[in-house]
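Visitor:
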Amino acid sequence: MTTFAEIAPQLEHQAIEVPSWAYGNSGTRFKVFGSPGTPRTVEEKIDDAAAVHRFTGLAPKVALHIPWDMVDDFGALTRYAKDAGIEIGTINSNTFQDDDYKLGGLTHHDPAIRQKAVDHHLECIEVMGATGSRDLKIWLADGSNYPGQADIRARQAWLAESLATIHAQLSNDQRLVLEYKIFEPAFYHTDVPDWGTALVHVQALGDNAVVCLDTGHHAPSTNVEFIVAQLLRLGKLGSFDFNSRNYADDDLIVGSADPFQLFRILFEVIRGGGYGPDSEVAFMLDQCHNIEKKIPGQIRSVLNVQEMTARALLVDRQALAAAQQAGDVLGAHQVFMDAFYTDVRADLAAWRESRGLPGDPMAAYAASGYQEKIEADRVGGTQMSW
Ligand code: LRH
Ligand code: MN
Ligand code: MN
């Protein structure tokens with residue numbers, strides 16, 4: 001049996017990037033709820049992300065979405081984040097909210113619209129220069145709703161061309177990270193619907209182009225940990241967008257619906273060398289907190305990832321390999337499940353305290369007065385959405 005004390009040093013490497021949009025108001029197509037204390041500026045979003053890091057020690061970076069987080073001076077914003085105790089991480093592009101992109105962006109049949117979408121990405125690369133960000137993450141809403149509506153084959157060629165133009169502007173230590181999603185907002189075909197399509201495109205671009213796996217972007221019953229294993233084998237797993245789903249792209253708190261899936265994913269990450277100081281895989285959250293308080297929602301999320309990481313580290317890999325080699329089906333399964341069923345919460349609390357962090361970050365946040373303060377202070381102005 002592997003013990004908590006044996007794996008504890010490996011927990012120090014954990015860093016989870018939080019999304020700026022988790023702190024803004026969000027909802028569904030039916031209703032966006034406003035909540036007291038919601039940030040009115042990008043700086044206030046950074047303050048909230050920094051609070052998550054202070055209470056957990058787990059979230060040293062915040063990802064931005066352009067243009068949601070557009071500011072005049074990204075150098076100043078970067079210094080603001082540093083003073084707050086965090087860094088700016090991934091820059092996410094957005095070609096899904098401009099009327100011009102109704103029929104597509106990087107895949108549009110009109111070269112002028114494609115150029116506009118490419119130019120938006122070049123602007124994001126400029127932002128990366130100012131923030132020192134490594135990753136440009138691209139998720140496309142591109143697709144069609146009706147059979148025959150679009151030339152789905154030509155759009156692959158246009159996409160390849162657009163991505164190559166964007167990629168050419170990245171420096172060698174920056175990465176293009178391409179995210180796939182099975183459907184939505186397009187309901188018939190999507191231009192980057194799956195990991196295979198994402199892989200084909202990033203492979204054509206080069207070493208510094210990789211895939212983002214958003215855990216909510218698959219068909220029901222997809223074996224997501226298999227995709228993790230495969231992309232890691234190929235050196236093409238760039239990042240995760242972690243969240244939990246019941247039905248589609250629900251963007252709920254990671255590990256809430258199916259902690260066992262999160263455990264299985266993290267086991268394959270560790271098994272494949274995707275965790276640790278030498279790994280380049282970025283762990284990110286991509287979530288929205290529509291009905292719960294946002295900062296505690298984010299704290300719960302990073303804690304869930306930490307908890308399942310600890311359990312996945314506890315898998316006795318030697319015993320597992322021995323059972324697998326012996327063809328011991330149930331013995332191997334038991335080794336795996338023994339780790340999953342190990343309750344690490346008390347050990348993690350003690351470990352946090354030994355590092356000067358609150359043993360129970362949820363309780364510490366609730367007692368800190370931060371929530372009351374932002375609810376009292378952030379009146380007037382316009383709350384930010386997404
Ligand atoms: C698309 C997505 C993508 C976007 C984010 C807001 O569904 O997962 O990562 O950038 O949501
Ligand atoms: Mn995502
Ligand atoms: Mn999504």
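Sequential numbering from 1 applies to the sequence shown in UniProt numbering. Glycine is no exception: its CB is placed at the ideal position from the N, C-alpha and C atoms. Remember, it's a predicted structure, so these values are computed and weren't measured experimentally.
1. Give me the Cβ distance between Phe-263 and Arg-311, rounded to the nearest whole Å; I'm assuming they're in contact under 8 Å.
2. Can you give me the start and stop residues for the alpha helix (DSSP H) that Lys-137 sits inside?
3. Going by Cα to Cα distance, which pick from Gln-334, Pro-358, Gly-129 and Ile-152 is closest to Arg-345?
4. Using a threshold of 7 Å, is the CB atom of Lys-61 nearer than that to any non-hydrogen atom of ligand 1?
5. For Lys-61, which three-state DSSP category applies?
6. Please classify Ile-291: does DSSP put it in a helix, a strand, or coil?
7. Using the rule of at least 16 other Cβ atoms within 10 Å of the residue's Cβ for burial, across every protein chain shown, is Val-202 buried or exposed?
8. Over the uninterrupted alpha helix (DSSP H) stretch that includes Pro-111, give me the two end residues.
9. Work out the CA separation of Thr-107 and Leu-163 for me, nearest whole Å.
10. Pull every residue with its beta-carbon under 6 Å away from any heavy atom of ligand 2, and keep them in chain order.
11. Would you tell me roughly how many angstroms separate the C-alpha atoms of Ala-204 and Ile-88, rounded to the nearest one?
12. From Ser-144, Trp-158 and His-217, pick the residue whose C-alpha is nearest to that of Arg-114; which is it?
13. Output the distance between the C-alpha atoms of Asp-135 and Gln-174, rounded to the nearest integer angstrom.
14. Please tell me whether residue 434 and Thr-95 are closer than 8 Å, where the distance is taken between their beta carbons.
15. For Tyr-275 and Arg-79, what's the separation of their Cα atoms in angstroms?
16. Taking the alpha carbon of Asp-278 as the reference point, which residue from Leu-285, Met-284 and Ile-270 has its own alpha carbon closest?
17. Taking the straight line between their C-alpha atoms, what separation do you get for Gln-230 and Val-177?
18. Using the rule of at least 16 other Cβ atoms within 10 Å of the residue's Cβ for burial, across every protein chain shown, is Glu-353 buried or exposed?
19. Would you be able to state if there are at least three C-beta pairs under 8 Å between the segment 12-29 and the segment 52-62?
20. The alpha helix (DSSP H) that contains Val-211, what's its start and end?
21. Examine chain C for any beta-carbon lying closer than 8 Å to the beta-carbon of Phe-55, and answer yes or no.
22. Could you give the DSSP three-state label for Glu-280: helix, strand or coil?
23. Check whether the segment 244-254 touches the segment 207-216, counting contact only when three or more Cβ pairs, one atom from each stretch, lie closer than 8 Å.
24. What did DSSP end up calling Arg-29 once you bin it into helix, strand or coil?
25. For Lys-373, count the other beta carbons within 10 Å of its own beta carbon; 16 or more makes it buried, fewer makes it exposed. Which is it?
Guide: With the structure as the only source:
1. 6 Å
2. From DSSP, Lys-137 is part of no alpha helix (DSSP H) but of the beta strand (DSSP E) over 135-139.
3. Ranking the options by Cα distance to Arg-345, first place goes to Pro-358.
4. no
5. strand
6. Three-state DSSP puts Ile-291 in coil, outside helix and strand.
7. buried
8. 111-131
9. 10 Å
10. Trp-139, Glu-179, Asp-214, Asp-241 and Asp-286
11. The alpha-carbon atoms of Ala-204 and Ile-88 are separated by roughly 28 Å.
12. Trp-158
13. 6 Å
14. There is simply no residue 434 to check, as the chain begins at 1 and stops at 386 in what is shown.
15. 28 Å
16. Ile-270
17. 17 Å
18. exposed
19. yes
20. Per DSSP, Val-211 lies in no alpha helix (DSSP H) segment; the continuous beta strand (DSSP E) that holds it begins and ends at 209-214.
21. Among the chains in the structure shown there is no chain C, since it carries only a single protein chain.
22. coil
23. yes
24. coil
25. Exposed: under 16 other Cβ atoms inside 10 Å.
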